[in-house]
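Protein chains in written order, with the working numbering: chain A, 20 to 161; chain B, 20 to 161.
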DNA sequence: ATGATAATGATATCGCTTCTCATATTCATT
DNA sequence: AATGAATATGAGAAGCGATATCATTATCAT
């Protein structure tokens, strides 16, 4: 039950929080920005303020319900926290995002951090490129 | 001669451009934001506008004289392009940045991109953590 | 049902970056 | 060295995502 998810995190089960969590769990899109969420909920005739969305996203992240990502387009996108860490492959053209896990990379990162004496807290890795679909589309243009 | 660097890139050798390039080449700090540059040049009694700095940074990046980086603190920092690609280790506490090159990681990234059929254009990898100096300082606090 | 506590939403504000446009500078040509 | 066409500059406005403020409203233990 969704109420319990929130309760466990010390968050009251309010309407905005339930609606936002529901959107993520519906899973139509894995990566949502605050603005994305706002638009989607307004379309569904839900009245709620952008400020609330930003606040709720921050709380959900603190509660480890969701994970925050930065894809250099200047805003943050969030995705459901489904457990093990993963990184992203992002299409420069259409914005499509794929996820991957690579233990070799994870290990190398640990080695690098160790070499510098850093106590690692997080990392962020994105591979940018052109996805197969966009590649074939640009062939047709020329 | 610095003029030539700029000329080769199709950029007129104007005072702001020369001053900004000089700042990077002096190399006191490797990673500079637009604001950093502005403050440093104002201290040196150079009169120039922030808008110009942003423009010049964009042009320098397009000319491959400098490289742009995003360390999730919401702004862009630039560094001189000294050739081979490298990634960064960033201290969460003091902001110190170290650079590293790791062929294993580079190769794994190529494999991942290939698996997804992406034609890779760029990548961005940062390791966040606490640097040795900040680690010892937080020990003293407790 | 009630009330203390916490959350919401409209709006103002912030920080970084980009845009606009009138003025000033550069540089090839005399 | 002077000229002028082309380009760059700087002050300020505007854009945009994110955060802060604060009066109003909803939640939930009792």
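Heads up, the beta-carbon is just placed ideally off N, CA and C, and yes, glycines get one too.
Where does residue i land, buried or exposed, given buried means 16+ other C-beta within 10 angstroms?
i: residue 98 of chain A; result: buried
i: residue 180 of chain B; result: With chain B represented from 20 up to 161, any question about residue 180 of chain B goes unanswered, as that position is not in the structure.
i: residue 207 of chain A; result: For residue 207 of chain A there is no data in the structure shown, the boundaries of chain A being 20 and 161.
i: residue 50 of chain A; result: buried
i: residue 148 of chain A; result: buried
i: residue 61 of chain A; result: exposed
i: residue 158 of chain A; result: exposed
i: residue 69 of chain B; result: exposed
Considering just the uninterrupted stretch of the alpha helix (DSSP H) at residue i, what are its terminal residues?
i: residue 1 of chain B; result: Because residue 1 of chain B is not part of the residues shown, which for chain B are 20 to 161, the question remains open.
i: residue 77 of chain A; result: 69–81
i: residue 40 of chain A; result: 34–45
i: residue 59 of chain A; result: 53–62
For residue i, would you say it is in contact with chain B, using Cβ-to-Cβ distances shorter than 9 Å as the test?
i: residue 151 of chain A; result: yes
i: residue 71 of chain A; result: no
i: residue 113 of chain A; result: no
i: residue 89 of chain A; result: yes
i: residue 131 of chain A; result: yes
Would residue i pass as a contact of residue j if the rule is Cβ separation under 9 Å?
i: residue 109 of chain A; j: residue 145 of chain A; result: yes
i: residue 53 of chain B; j: residue 94 of chain B; result: yes
i: residue 88 of chain A; j: residue 143 of chain A; result: yes
i: residue 79 of chain B; j: residue 40 of chain B; result: yes
i: residue 85 of chain A; j: residue 124 of chain B; result: no
Are the C-beta of residue i and some C-beta of chain A separated by less than 9 Å?
i: residue 134 of chain B; result: yes
i: residue 77 of chain B; result: no
i: residue 50 of chain B; result: no
i: residue 159 of chain B; result: no
i: residue 143 of chain B; result: yes
i: residue 61 of chain B; result: no
May I have the straight-line CA-CA distance separating residue i from residue j, to the nearest angstrom?
i: residue 100 of chain B; j: residue 27 of chain A; result: 49 Å
i: residue 67 of chain B; j: residue 91 of chain B; result: 27 Å
i: residue 137 of chain A; j: residue 48 of chain A; result: 35 Å
i: residue 71 of chain A; j: residue 115 of chain A; result: 27 Å
i: residue 139 of chain A; j: residue 129 of chain A; result: 8 Å
i: residue 32 of chain A; j: residue 102 of chain A; result: 23 Å
i: residue 119 of chain A; j: residue 131 of chain B; result: 8 Å
i: residue 23 of chain A; j: residue 82 of chain A; result: 13 Å
i: residue 57 of chain B; j: residue 30 of chain A; result: 44 Å
i: residue 64 of chain B; j: residue 55 of chain B; result: 14 Å
Which residue comes first and which comes last in the beta strand (DSSP E) that contains residue i?
i: residue 98 of chain B; result: 95–99
i: residue 119 of chain B; result: 116–119
If you measure from the CB of residue i, is any heavy atom of the ligand MN nearer than 8 Å?
i: residue 116 of chain B; result: Inclusion of the ligand MN in the displayed structure is not the case, the ligand content being empty and no account of it being possible.
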